[in-house]
Structure formats: structure tokens, C-alpha cells
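**Q** I am attaching a structure below and will ask some questions about it afterwards.
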Amino acid sequence: MSTLVKICGLRTPETVEAAIAAGADMVGLVFFPRSPRNVSIAEAKALRERVGGRALVVALTVDADDALLDAIRDEVRPDIIQLHGHETPERTAATKARTGLPVMKAIGVAEAGDLAQVPAYAAVSDRILFDAKPPRGAVLPGGNGVAFDWRLLAGLDLAKPFMLSGGLEPGNVAEALRITGAPGVDVSSGVERAPGDKDPERIAAFVKAARGA
Ligand SMILES: O=C(O)c1ccccc1NCC(=O)[C@H](O)[C@H](O)COP(=O)(O)O
């Protein structure tokens, strides 16, 4: 089966079009004001309308309150909510129930022990996203361009679909897929010229490399 590809942190119509033209399955919109990839509700709504049904729209939130979740659900109408903060399994389940949308919970990985929490989240999530834990002192909980040891996921037996992220780029995604056997990959920094500035050529190269793996 073809590898699922998510391009995260898109902010402009041009880069949304580049991701779709490259064949991305999912486009991620970041709702986190401290991120250089942050979008307002109004900007996200316009991007969402542009995407139409050509890709799945993922709304990325970080410990969002109910008001923000409601605004995203009602105005942006994403296909999936990504939870990238310290949401507990209970909060993850409540978010799914409140929004009525599939939920993808991000789990930060640095060592094998970090995987102990996976069953609790897999029970209440539709999909798991394995990402590198942010480096000490990082401002962002994700989108840091840092990889973790992919061998930690080798042989993973998970009843839910999952995606791999963290430090992926056109030049290493095939190797990451070979080691992890992940059914999907997610990238942000690895397809940028600078934080928040996506490069259409790198987006195309990334999708091609992931699909060729
Ligand atoms: O990308 C951001 O700015 C961001 C901000 C706050 C929370 C999460 C964020 N990104 C999460 C993602 O899904 C990224 O695609 C993932 O962490 C991989 O990022 P990268 O290592 O830069 O490819």
C-alpha cells in the first residue's frame, strides 16, 4: 500500500497547492501562536476551502481549550484533529467526543520507555503520530527538525494506524520507512527554506522519496 504522507505547517495557498500537486494525502494547519507556522482561524478557513476534498486537512492543536476546538470544528471544518501537547488519554477521548472528528495523538519519543504510554492513547485515538521529543529549551513541542532513533519503532505491534515524524527530509525518509515500516510519514522543517517558509521543490522531493521507498 502507498505510504501516507502529511505535509505539516502550511500557511499559504501556494504551498497548499504544491503539497496537493506533489500528491500529499494530508495537509497540516498549525494553531499555536508561538510557531512560525501558526495560522489564524480565518486563514485556516480560507486554506481549508482551497483544499476542498483534494487532501485531508489536519488541525494541529497544543493543549487547546474547548473554545478553540469549537472554533476549529465549526469554522475550519478539518478532517482530523492532531493533539500535540500534554493532552491525557481522557482529554484525547473528550476531544474526539466533543468535536466528532477523528483524533491523532502525537507521542514524543526519545527512549524505549516513552512507548509505555502508547496503549492508553491508542485506545482513544484514531491514529498515533510518533514524533521526536523536543530538545531541552525548545520553544515548540514539535516541528523542531529533530529525529529520534527509528529503531525504537522496529517491530511495533499497534492496533491503530500510525505515522512517523521528526527530522524527516527527502534524503532520509526512505531509510526511516525501511527501519520502522511506518504506514505514514509527516514532515515540516525538512521541506522548508527557513522556519515557516515551505519549499515546493522539497515538498515534491519528499513525497517522491516517501512513495518510492
Ligand atoms: O510545526 C510546528 O510549528 C508545531 C508547533 C507546535 C506543535 C507541533 C508542531 N509541529 C508538529 C508536527 O506535526 C510536525 O510536522 C512534526 O513535529 C515534525 O516536524 P519536523 O521535525 O520539523 O519535520
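Residues in the sequence shown are numbered from 1 upward in steps of one, following my numbering. No residue lacks a Cβ here, since even glycine has one placed at the ideal position from N, Cα and C. Bear in mind the structure is a predicted one, so any value in this text is a computation, not a measurement.
Output yes or no for whether 9 Å exceeds the beta carbon distance between GLY23 and VAL207.
**A** yes
**Q** Does the beta-carbon of GLU87 have 16 or more other beta-carbons within 10 angstroms, so that it is buried, or is it exposed?
**A** GLU87 comes out buried.
**Q** Buried or exposed, going by whether 16 or more other CB atoms sit within 10 Å of the CB of ASP186?
**A** Of the residues assessed, ASP186 falls on the buried side of the cut-off, its CB having 16 or more other CB atoms within 10 angstroms.
**Q** Hey, out of ALA67, ASP63, ALA55, whose CA is closest to ILE80's CA?
**A** ALA55
**Q** From the DSSP output, read off the bridge partner residues of SER165.
**A** ASP186
**Q** Would VAL58 and VAL39 qualify as a contact pair, given that the criterion is a beta-carbon distance under 9 Å?
**A** no
**Q** I want to know whether the stretch 190-204 touches the stretch 1-20 - three or more CB-CB distances under 8 Å.
**A** yes
**Q** Could you check which residue in ARG48, SER125, LEU140, ALA97 has the C-alpha nearest to that of ILE104?
**A** Looking at the sequence provided, one finds Met at residue 104 rather than Ile. From the listed residues ARG48, SER125, LEU140, ALA97, the smallest Cα separation to MET104 is found for SER125.
**Q** Assuming LEU215 and ALA44 are in contact, meaning their beta carbons sit under 8 Å apart, how far apart are those beta carbons, in whole angstroms?
**A** Here the chain covers residues 1 to 213 and nothing more, so residue 215 does not appear.
**Q** Please classify PHE32: does DSSP put it in a helix, a strand, or coil?
**A** DSSP places PHE32 outside both helix and strand once states are collapsed to three, so it counts as coil.
**Q** Could you say which of ARG37, ARG211, LEU152, GLN82 lies nearest to VAL193 if we only look at CA atoms?
**A** The sequence shown places Arg at residue 193, rather than the Val named in the question. Answer by Cα proximity: ARG37.
**Q** Does the Cβ-Cβ distance between LEU83 and ALA106 come in under 9 Å?
**A** yes
**Q** With 16 other CB atoms within 10 Å as the buried threshold, where does GLY52 fall?
**A** Here GLY52 is exposed. Its C-beta has fewer than 16 other C-beta atoms within 10 Å.
**Q** Could you check which residue in ILE20, ALA42, GLU49, PRO89 has the C-alpha nearest to that of ALA71?
**A** ALA42
**Q** Whole angstroms are fine: how far does the CA of ARG91 sit from the CA of GLY142?
**A** 19 Å
**Q** On the DSSP bridge assignment, give the partners of GLU192 in chain order.
**A** According to DSSP, GLU192 bridges with LYS198.
**Q** Give a yes or no on whether the C-beta atoms belonging to ARG279 and ILE179 are separated by under 9 Å.
**A** Here the chain has residues from 1 to 213 only, and residue 279 is not among them.
**Q** Please report the distance separating the alpha-carbon of ASP197 from that of SER188.
**A** 10 Å
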